[in-house]
């Protein structure tokens, strides 16, 4: 029989060791599954590492995936600290992509590139922010649970994208495929490395955003109010903190960053609006934010690791003909072990014998 | 010498360590059959830890437990229940939305798939009749008064066949009359041969109800004595380790002008039930008005209304002549209303933020602590240092979460922060609950000091002794109204008790 006793405080040693052991254990669990699938785990892990970090190109592709994760998770670190559980980054990402793409597709073609791109990014950010403000308002005025509201708004955003792709925004020459016309060069966010790398200046957006969010949380009045609010809403109200305003602003920042991620990825990497715009990054980023302990700077590192797993996953699929599902198994095994590890860091676990009497 | 055969329970050399503290340090405890045994000690003396060991919640690091001659191994409350131990916690373990029956059979293994409510109801009634009280088995818990809920807890343990009952500070939520009734029930149980452990830090009730008393101090056993052979003063010395002041020095009142006026206030509680029923009260500068009453009669809501945390649906509140009805907490703070909430970590402090970040909560918007949108953490730190020094707060690490501080130091910090605002009106809600004697004295002295400076103090407390000691006037609250206001110098405890129970109306 296991006994759990809450720890008063967690030793630093455990804070470092437990996550490392958890990841190793997760990899081990993943290996067992792979053995059942008759694949050599070592070769798979080797391929993942090679696929993610093997060359300058593969690493840059890893970063391509990491960029939206960094942007989104930075915002999530902020709202989650205020106990506003926005799981609608996917929808906010899509709305950002749609709003920004509107200018790319229907804006004045002669607009100078820097101006057009700036406007696209701004519009995408606003689109994502509005999509996050809706549930924040619902929560503020009618106490609607934000988890459900943001989740459902994901579906609405997805279907708006579908509607546009099968409807008015579909390119006449796409032979019926749900694709927009390709973005003109003016509307493409610049890439920063020579082809074939698709890494783009969104990387800097992400790093700057993570830094700014960190400063907001640690150094500003707004961040302090948010932390008080997240830890203890009653104390916050008594201290005269405007709870609604704080949550709405935080939600807008988080949604805005997700929207920015959406339009940046669409404009720089895809260069076209389509049904599949990798909006599931909105979910992966939730994991990144939590694993990072809601610290946006740590979230940068975690985002890169999760991106590596994803990029490496594509690789093993291609090179080793292993189903991509294996990557999902590894990813979930690691996550489960990390979550289980949390218990060890917060509780003292001991084994006891069941009494016989 | 007592023979082994009449001992119900023996705890030998119980030691329980928590990080940084010996909660129980080789404690011995013996319980006879058919006795009421009081476990006395200050907060933090290790009473609850020892009883949690007996209830299987904690497992001791050392020591053994013997029940009726057999050594037992108690790993969970279920194990303890099987050995006939039942604990009634200070915070009741009842499900509000379920009926008495459903609560009683909750967690009972012997119940089959189908629940025969009728037979359970019959057995509940039989237990109640045996001990001369009544309870409706079909009532939902939330409909019952606190005293009735406590009886449900007692029935629950008896229903499960408990022969050893542990009651953790059972009178803290009762009126003096209700406490007497409880003592009657306990004496009845004793005559049935049941053994009762009664945890308390109130000397008076321990003297009146127990047969023997075991005193703990700082995790150590101070001794076990026969109640008949000891005086209250000796007991207090055993418990605290020095002579205690039973009276606080206080000067005569110089009542100033009216600071707080509440007129016909009406407000709902969290359940949507009217908690304040046209309540009126006034507090003047330089006086302490104590609000006495059994928990749950609207005291919390009153404090919340005055501090802007709860919405008034009727009536008016004015502070120094200015209407502040339903003003925001922020406005009220600038009007000079400060608050020491009952729930220190729930309302007053933010547990996971540091001492500095908690200290600056009332000051961070001021110019001295901000640079644009940024907070000047250097200034905040210096400010916190000032408070820590002035109020002698023991803070091991300024940047560690405030929740690691002891209860007394948390309360000091809270008090320091609020008093530093130079309040006109101070609302103190159970300000000494859970504090040790030293901190309690400090808090009470600080309140009196504030009074002497002309601050109007509204003291809400369940501890009648505290109110008698500190307050100038006593307002008794019952079902959302002030049913009477008496001068503390001519207070009659029996009279106040009856008012608390709603038996006597206003006699002002």
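Protein chains in written order, with our numbering: chain A, 1 to 357; chain B, 1001 to 1508. For each residue, glycine too, the CB sits at the ideal point set by N, CA and C. All values reported here derive from a predicted model rather than from experimental measurement.
Chain A has no Cβ within less than 8 Å of the Cβ of residue 1146/B.
What residue 227/A touches in chain B, judged by beta-carbon distance under 8 Å, is 1350, 1353, 1357, going in chain order.
Under the three-state reduction of DSSP, residue 1487/B is assigned to strand.
Residues of chain B whose Cβ lies closer than 8 Å to the Cβ of residue 222/A are, in chain order, 1373. Below the 7 Å Cβ cutoff, chain B contributes 1328, 1329, 1330, 1333 as neighbours of residue 240/A, in chain order.
Per DSSP, reduced to three states, the secondary structure at residue 1450/B is helical.
The alpha-carbon of residue 145/A is positioned some 8 Å away from that of residue 138/A. For residue 337/A, the closest C-alpha among the options 25/A, 14/A, 13/A, 11/A is that of 25/A. Within the model, the alpha-carbon separation for residue 1013/B versus residue 12/A is close to 34 Å.
Against chain A, a Cβ distance below 9 Å from residue 1383/B picks out nothing, because the smallest value is about 14 Å.
In terms of Cβ geometry, residue 1037/B and residue 1154/B do not form a close pair [threshold 8 Å].
Chain order gives no chain B residues near residue 245/A, where near means a beta carbon separation below 8 Å; the closest approach is about 12 Å. Under DSSP, residue 1478/B shares a beta bridge with 1481/B.
Taking 4 residues as the shortest admissible run, the region 17-78 of chain A contains the following complete alpha helix (DSSP H) segments, listed from N- to C-terminal end: 41-53. For a cut-off of 8 Å, the C-beta gap from residue 136/A to residue 248/A is around 5 Å, short enough to register as a contact. Between residue 67/A and residue 202/A the beta-carbon gap is near 5 Å, inside 8 Å, which marks them as a contact. Counting every other CB atom within 10 Å of its CB across the protein chains shown gives residue 112/A a total below 16, marking it as exposed.
Contact between residue 230/A and residue 81/A holds: CB atoms are separated by about 5 Å, below the 8 Å threshold.
The three-state reading of DSSP puts residue 1455/B in coil, since its state is none of H, G, I, E or B. Between residue 1029/B and residue 1050/B, the CB-CB gap stays under 8 Å.
In this structure, the straight-line span from the alpha carbon of residue 1259/B to that of residue 1266/B is close to 20 Å. Nearest CB-CB separation between residue 1336/B and chain A: not below the 8 Å threshold. In this model, residue 1308/B and residue 140/A are separated by some 18 Å (Cα to Cα). At a cut-off of 8 Å between beta-carbon atoms, residue 1069/B makes no contact with chain A.
For residue 1208/B, the enclosing alpha helix (DSSP H) has its first and last residue at 1203-1209. At a beta-carbon threshold of 9 Å, none of the residues of chain B lie near residue 83/A; the nearest stands roughly 12 Å away.
In terms of Cα proximity to residue 228/A, the closest of 1089/B, 1362/B, 1470/B, 1397/B is 1362/B. The region 245-321 of chain A contains no complete beta strand (DSSP E) run of 3 or more residues.
Nearest to residue 1343/B by C-alpha distance, out of 1432/B, 1090/B, 1451/B, is 1432/B. The Cβ of residue 1432/B sits no closer than 8 Å to any Cβ of chain A. DSSP links residue 1401/B through a beta bridge to 1354/B.
Under DSSP, residue 1282/B forms a beta bridge with 1261/B. Counting only the Cα atoms, residue 158/A lies some 19 Å from residue 176/A. DSSP places residue 1339/B outside any alpha helix (DSSP H); the residue lies instead in the beta strand (DSSP E), whose first and last residues are 1337-1340. With respect to chain B, the C-beta atom of residue 235/A has a partner C-beta closer than 8 Å. Within the region 1301-1325 of chain B, 1307, 1309 place their CB atoms closer than 7 Å to a CB of chain A, listed in sequence order.
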